[in-house]
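Asks:
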Amino acid sequence: MYSSQVTSTHDPQLLKGVLSLLLLQLLAQRESYGYELVQRLHEIGLSNISDGTVYPALARLERESRVSARLVSSHSGPARKYYRPTEAGYAALAEGLAGWLAFVEVTNPVLLHPIPTQPAPPTEEL
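Residue numbers (my numbering): 5 to 130.
1) Considering just the uninterrupted stretch of the alpha helix (DSSP H) at P184, what are its terminal residues?
2) Between Y94 and H46, what straight-line distance do the alpha-carbon atoms span, to the nearest angstrom?
3) Whole angstroms are fine: how far does the CA of A92 sit from the CA of E68?
4) Could you have a look at A102 and say whether DSSP puts it in helix, strand or coil?
5) Is the Cβ-Cβ distance between A96 and S24 less than 9 Å?
6) By the three-class DSSP mapping on this structure, what secondary structure does R70 have?
7) Spatial neighbours of L28 within its chain, please: CB distance less than 6 Å, with the 5 preceding and 5 following residues excluded, ordered by chain position.
Below you can see the structure in the form of structure tokens.
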């Protein structure tokens with residue numbers, strides 16, 4: 005059964021492959037700081053994701069010049085580092101999203117079939 009909510013046990017390898025796209029898309033929607041991004045990911049159902057996953061990904065995106073950052077003073081503590089996509093970030097998002105959607109289009113017809121209890125017997129070779 006398919007669920008739109010990812011349970012607390014998500015495959016870290018699947019997340020690794022799509023995390024940059026998720027971060028770029030969230031940042032394209034609204035400039036955010038790291039902890040806020042973690043909370044936004046929790047809101048969409050990635051409840052097991054931590055700052056230990058998000059902050060290194062943001063640092064990598066910044067090193068790759070896909071996001072820029074600026075410090076904004078905070079009334080409740082130290083200044084916060086807000087991120088937003090750069091032109092290269094928007095290009096990477098568009099390219100990555102096209103690739104992701106093409107991948108989903110190819111894999112969904114197979115993966116959305118009900119899971120059989122046993123495999124079918126092999127077909128005869130001609």
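Even glycine gets a Cβ: it sits at the ideal position worked out from N, Cα and C.
Replies: On the basis of the coordinates in this document:
1) The requested residue 184 does not occur in the structure, where the chain is confined to residues 5 to 130.
2) 23 Å
3) 9 Å
4) helix
5) yes
6) coil
7) Close CB contacts of L28 within its chain, under the 6 Å cut and outside five residues either way in sequence, are with P89, G93 and L97 (chain order).
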